[in-house]
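First up is the structure itself, then whatever we jot down about it.
As structure tokens, this is what we get:
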């Protein structure tokens, strides 16, 4: 492991704590920039077209200090590709959560049929998973969550962007304050962290530099986005 690679996780951890340390969030949504590799340790052929996007390896994602930002009672929504389900469980547990359920996103065309543009070595993937984990006592979803089905069918957006409708599910099923990790942009009522968020960008080398996107100055903390804070019930 090169020094640059070894420094990635500490830099990301420092940036996350610098921006959001001292806060405790009841709900965390994360869409990590997963690396796709085959058994030889090389990038799987079907994922080579995605190589221009910045990624983090499993250890880098697992060592993020998410637990330090989490309330005693909390929910985690973790996006994970089908091929990386075992890795997703490891991340969920490393961040201090217990796996409870999942939500399936079915990517459809305008006519409602399956969007077959997805990648996959064994099957053409038209779904993506959200792992749902909990932490602490009395961590059930809110009343709307007990009526919410664990299935969402919407059109696919630009690369890596997840459906806006999913935020409505999270906000109706889980308490704030809310934090989104690896965010693609700002959202009212949420605090966000990620190098594609419109309002600010992290400064750690690998993730931000590998994005290959022109950025302005990344120094200094970004603005605080208002949160809908609600106390957890014990």
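Residue numbers (the working numbering): 88 to 321. The C-beta atom is built at its ideal place from N, Cα and C for all residues, glycine as well. These numbers come from a predicted model, not from an experiment.
- Which term fits residue 188, buried or exposed, when burial requires 16 or more other beta carbons within 10 angstroms of its beta carbon? Position 101 of the chain shown, counted from the first residue, corresponds to residue 188. The residue is exposed, with fewer than 16 neighbouring Cβ atoms inside 10 Å.
- Separation of residue 182 from residue 151, as counted between CA atoms: What you label residue 151 is simply residue 64 of the chain shown in a count that begins at 1. What you label residue 182 is simply residue 95 of the chain shown in a count that begins at 1. Straight-line Cα distance between these residues: approximately 8 Å.
- Top-ranked residue by Cα proximity to residue 161, from 249, 110, 240 and 214: In the chain shown, counting from the first residue as 1, residue 161 sits at position 74. Comparing Cα positions, the closest option is 110.
- Residue span of the alpha helix (DSSP H) that contains residue 147, given as start and end: In the chain shown, residue 147 corresponds to position 60, counting from 1. Here the alpha helix (DSSP H) through residue 147 covers 145-149.
- Task: Please check the pair residue 163 and residue 115, which I expect to be a contact at CB under 8 Å, by giving their CB distance rounded to whole angstroms.
- Result: For this step, residue 163 is matched to residue 76 along the chain shown. For this step, residue 115 is matched to residue 28 along the chain shown. Yes, residue 163 and residue 115 are in contact; Cβ-Cβ is about 5 Å, under 8 Å.
- Message: On a Cα-Cα basis, can you pick out the residue from 147, 200 and 194 that is closest to residue 248?
- Response: Here the question's residue 248 lines up with position 161 in the chain shown. Among 147, 200 and 194, the Cα nearest to that of residue 248 belongs to 194.
- Item | Residues of its chain near residue 211, where Cβ-Cβ distance is below 8 Å and the 5 sequence neighbours each way are ignored | In the chain shown, the residue the question calls residue 211 occupies position 124. The residues are 203 and 205.
- Answer yes or no: do residue 179 and residue 218 have a C-beta to C-beta separation smaller than 8 Å? Position 92 of the chain shown, counting from 1, holds the residue named residue 179. Position 131 of the chain shown, counting from 1, holds the residue named residue 218. Yes. Within cutoff.
- Query: Taking the alpha carbon of residue 259 as the point to measure from, which residue in 272, 275, 232 and 252 has its own alpha carbon closest?
  - Reply: Here residue 259 is taken as the residue at index 172 of the chain shown, counted from 1. Residue 259 has its Cα closest to that of 232, out of 272, 275, 232 and 252.
- Item | residue 209, DSSP secondary structure in three states | Reading the chain shown from its first residue, position 122 is the one you call residue 209. Three-state DSSP puts residue 209 in coil, outside helix and strand.
- Query: If you draw a straight line from the C-alpha of residue 136 to the C-alpha of residue 208, how long is it?
  - Reply: Within the chain shown, numbered from 1, the residue matching residue 136 stands at position 49. Within the chain shown, numbered from 1, the residue matching residue 208 stands at position 121. Confidence in residue 136 is poor, its pLDDT being 47 and thus under 50, which makes the residue's placement too unreliable to answer from.
- Item | Outcome for residue 279 when other beta-carbon atoms lying within 10 angstroms are tallied against a minimum of 16 | Against the chain shown, residue 279 aligns to sequence position 192. That one is buried.
- Task: Classify residue 259 as helix, strand or coil using the three-state DSSP reduction.
- Result: What you label residue 259 is simply residue 172 of the chain shown in a count that begins at 1. DSSP places residue 259 in helix when its eight states are reduced to three.
- Message: Please report the distance separating the alpha-carbon of residue 216 from that of residue 145.
- Response: Within the chain shown, the letter at position 129 stands for residue 216. Within the chain shown, the letter at position 58 stands for residue 145. Going from the Cα of residue 216 to the Cα of residue 145 covers about 17 Å.
- Write down the C-beta distance between residue 277 and residue 266 rounded to the nearest angstrom, noting that I regard them as a contact closer than 8 Å. Sequence index remark: in the chain shown, residue 277 carries index 190 (1-based). Sequence index remark: in the chain shown, residue 266 carries index 179 (1-based). Indeed they touch by this definition, with Cβ atoms about 7 Å apart.
- Task: Sort out for me which residues DSSP pairs residue 176 with in a bridge.
- Result: As a first step, residue 176 must be located in the chain shown, where it is residue number 89. Looking at the DSSP assignment, residue 176 forms no beta bridge with any residue, so it has no partner.
- Apply the 10 Å Cβ neighbour rule to residue 236 and answer buried if 16 or more other Cβ atoms are within range, or exposed otherwise. Looking up residue 236 in the chain shown gives position 149. Its Cβ having fewer than 16 others within 10 Å, residue 236 is exposed.
- CB-CB under 6 Å to residue 153, same chain, minus the five flanking residues each way: which ones, in chain order? Walking along the chain shown from the start, residue 153 turns up at place 66. These residues qualify, in order along the chain: 182.
- Quick one: what's residue 164 bridged to in DSSP? As a first step, residue 164 must be located in the chain shown, where it is residue number 77. Answer is 116 and 219.
- Message: Could you pull the DSSP bridge partners for residue 239 from this structure?
- Response: If you number the chain shown from 1, residue 239 lands on position 152. Residue 239 pairs with 192.
- Three-state class that DSSP yields for residue 229 in the structure shown: Here the question's residue 229 lines up with position 142 in the chain shown. Reduced to three states, the DSSP call for residue 229 is coil.
- Query: When you compare only the Cα positions, how much space is there between residue 289 and residue 192?
  - Reply: Start at 1 with the first residue of the chain shown, and residue 289 comes out as number 202. Start at 1 with the first residue of the chain shown, and residue 192 comes out as number 105. At residue 289 the pLDDT is 45, less than 50, meaning the model places this residue with poor confidence; the figure from the coordinates comes in the next sentence. Going by the C-alpha atoms only, they are around 28 Å apart.
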